[in-house]
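Numbering-wise (the working numbering), the sequence shown opens with residue 820 and increments by one.
C-beta atoms are modelled at their ideal positions from N, C-alpha and C, and glycine is treated no differently.
These numbers were taken from a predicted model, which means no experiment stands behind them.
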Amino acid sequence: GILIQAPLPKHLSETEVFNRVASHKDVDGFGTLSIGKLVQEIPGAFAACTPAGVIELLKRSKIETTGKHAVVVGRSLIVGKPAAILLISKACNCTVTITHSQTKDLAAIVRQADIIIAAIGKPKFITADMIKPGAVVIDVGINRVADATKKNGYAIIGDVDFENVSKVSSAISPVPGGVGPMTVAMLMKNTLDACERANARG
């Protein structure tokens, strides 16, 4: 497996670089062919690791997805778009709304969600008043904020106001320690799958 460490220097095209990786080694799932296979639900497609980790987290937590309204906050290639693709797949059967920085009345849309995937890159952006009671919240955000009490001078917090949202939601993933470890696990899974397929090809 080959993984391209993003973000790349600005003079390089991420799409072009991602597409330099052979699809059978694209364990990050960012290549055009990998994304196309994911959209078409072709078996064996490599899914981007963080969104795949989100889905695995929902499954392992026994969260029902069929018929649920999932709102994805963020439209990045790394999380938002592939998460939406996975959520609308026949494996999840969610009805999906994607919101982003230009969405009008974003809070009202998020408030309708049964499942919220927060991946907008803004610390504590999702607040308790945006959550329908009993909703499931998956926080993908990784934000460094200044914190003089920490030895390194900063704290890692998510896109969700965990302390207050946790009082309204039925389930919520923490930051750190939630989606992050699942991302690593899914990268290992994709790499193992790539190895097994290579061995099968001979």
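Out of the options, which has the shortest C-alpha to C-alpha gap to residue i?
i: Leu822; options: Ser832, Asp845, Thr834, Pro828; result: Asp845
i: Gly820; options: Ala1019, Glu1015, Gly1021; result: Glu1015
i: Val890; options: Ile935, Asn971, Phe865, Cys911; result: Ile935
i: Gln859; options: Gly972, Leu905, Glu835; result: Leu905
i: Ser880; options: Ile945, Val1003, Gly997; result: Gly997
i: Ala938; options: Cys913, Lys951, Ile976, Lys909; result: Ile976
i: Lys909; options: Thr851, Lys986, Gly886; result: Gly886
Can you give me the C-alpha to C-alpha distance between residue i and residue j, rounded to a whole angstrom?
i: Ser992; j: Gly999; result: 10 Å
i: Ala867; j: Leu1006; result: 8 Å
i: Ala974; j: Asn1009; result: 30 Å
i: Pro901; j: Thr968; result: 37 Å
i: Asn838; j: Gly863; result: 18 Å
i: Ser988; j: Pro995; result: 18 Å
i: Leu852; j: Met949; result: 36 Å
Do residue j and residue i have their beta-carbon atoms positioned less than 8 Å apart in this structure?
i: Val955; j: Asp978; result: no
i: Arg894; j: Ile928; result: no
i: Cys911; j: Ile854; result: no
i: Lys943; j: Arg930; result: no
i: Val984; j: Ile945; result: yes
Looking only at DSSP bridge pairs, what is residue i linked to?
i: Asp958; result: Ala937
i: Ala974; result: Val964
i: Ile991; result: Val956
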